[in-house]
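Okay, so here's the structure we're looking at.
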Amino acid sequence: MQKVFFTMLNSIKLGFIVLLTLFTSLNVQAAGGIALGATRVIYPSAAKQTSLAISNSDTKERYLVNSWIENSAGQKEKTFIVTPPLFVSEPKSENTLRIIYAGQPLPVDRESLFWMNVKAIPSVDKSHIEGKNVLQLAILSRIKLFVRPANLPQTPEEAPALLNFSHVGNYLKVTNPSAYYLTLVNISVGAKKIGNVMIAPKSDVQILLPAGTQGNVTFQTVNDYGALTTATTASLG
C-alpha cells in the first residue's frame, strides 16, 4: 500500500528533466527541436519489438540523441535493447527507435512498468563559442513504457470502471483491481481538488484529504494515446 501526499509543488510530476551541462555560464543553447512521437509506449509482450518515432523540427540544429530504458526504480534496464542507442538527428528529420525486450518472461496477469529515456544534446560550432562562456542545455524526455501481456481479462478502456474509492480516516483509498497501470488526473472529492496519481495493477494508494472533505469522487484517466478520458464520477464506499 502506498500513501501519497500532495502539495502545490509536487502535485504534477514533470514529464521531462532538464540537465544542465556547465562549461561556464553566460550564453545559453537549448535543445528545443527534438520531439517524441508518443507520450507513452505500449509494448505488447508477444511482439518481438516496438518502436518510437523521434523528430527534429529545427531547421538548422543537429542533435546528438542518446536513448535508454530504466526500470520502475530508476535503474538502467539491461534486458531492453534500444537501437540505435546513439545517433545524430539532422535538421527537419525523423528517426525511429527500435525497442526490443530480451529478458526473462514478465508477469502474464498484469502490465509491467519501465521508463523510456531520450536525451537530446545540441551540436556546438566550436568557431562560434571559442573564447566565450557557454551554458549548454540537454533535454531529457522521460515517458512511461508499459509491457502489456495478451489476453488480459479487461480492455484498457474498461479498467477505470473497476476502480473502488473509500474513505479511510483522513485518506481517500483508491483500489485498482485491474491488470493495468492507471493514471488518474484532475481528481476531486466534492469541491476539493486533490491532485494526480498513478496506481499499479492489483494495488491501492491512499491520498491525504483536506480537512472537511466529503462528497463523490470525480476523476479522469490518461489513455494509451496520452489523451484525457471523459470525467467520471464515483461514490465513496
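Per my numbering, residue 15 is the first one in the sequence shown, and the count goes up by one each step. Cβ coordinates follow ideal geometry from the N, Cα and C atoms, glycine included.
| Item | Value |
| --- | --- |
| Residue ranges of each alpha helix (DSSP H) run of no fewer than 4 residues wholly in the stretch 108-175, ordered along the chain? | 140-143 |
| Can you name, in chain order, every residue of its own chain whose Cβ lies under 6 Å from the Cβ of Thr247, other than the five neighbours on each side? | Asn230 and Thr232 |
| With a threshold of 16 other CB atoms inside 10 Å of the CB of Gly209, please say whether the residue is buried or exposed. | buried |
| According to the neighbour-count rule (16 or more other Cβ atoms, all chains shown, within 10 Å of its Cβ), is Ser249 buried or exposed? | exposed |
| Starting from the C-beta of Lys90, find all residues in its chain whose C-beta is less than 8 Å away, skip the five residues before and the five after it, and write them out in chain order. | Trp82, Ile83 and Glu84 |
| Just to confirm before moving on: does the CB-CB distance between Leu223 and Leu176 stay below 7 Å? | no |
| With three or more beta-carbon pairs closer than 8 Å as the criterion, would you say the stretch 188-207 touches the stretch 99-106? | no |
| Could you compute how far the alpha carbon of Lys133 sits from the alpha carbon of Asn237? | 25 Å |
| Using the rule of at least 16 other Cβ atoms within 10 Å of the residue's Cβ for burial, across every protein chain shown, is Leu23 buried or exposed? | With a pLDDT of 32 at Leu23, under the threshold of 50, the modelled position of this residue cannot be trusted; read the value that follows with caution. Per the 10 Å Cβ criterion, exposed. |
| Starting from the C-beta of Val55, find all residues in its chain whose C-beta is less than 8 Å away, skip the five residues before and the five after it, and write them out in chain order. | Thr64, Leu66, Ile113, Met130, Ile157, Lys158, Leu159 and Phe160 |
| Under a three-way DSSP split, which group does Lys92 fall into? | coil |
| Identify which residue in Ile95, Asn165, Glu108 and Asn109 has its Cα closest to the Cα of Pro121. | Asn165 |
| Could you give the DSSP three-state label for Glu75: helix, strand or coil? | coil |
| Look at Glu125 and Pro191 and say whether their C-beta atoms are less than 7 Å apart. | no |
| Going by the beta-carbon positions, is the gap between Phe94 and Tyr115 smaller than 7 Å? | yes |
| Using only the alpha-carbon positions, how far apart do Ala193 and Thr97 sit? | 29 Å |
| Quick one: is the Cβ of Leu127 within less than 6 Å of any heavy atom of the ligand FMN? | No copy of the ligand FMN occurs in the structure displayed, which carries no ligand at all. |
| Name the one or two DSSP bridge partners that Asn178 has. | Thr189 |
| Can you find the residues in the same chain that come closer than 8 Å, C-beta to C-beta, to Val182, ignoring five residues on each side of it along the sequence? | Gln220 |
| Using the three-state DSSP reduction, which class does Gly209 fall into: helix, strand or coil? | strand |
| Among Asp123, Ile213, Asp72 and Pro170, which one has its Cα closest to the Cα of Asn178? | Ile213 |
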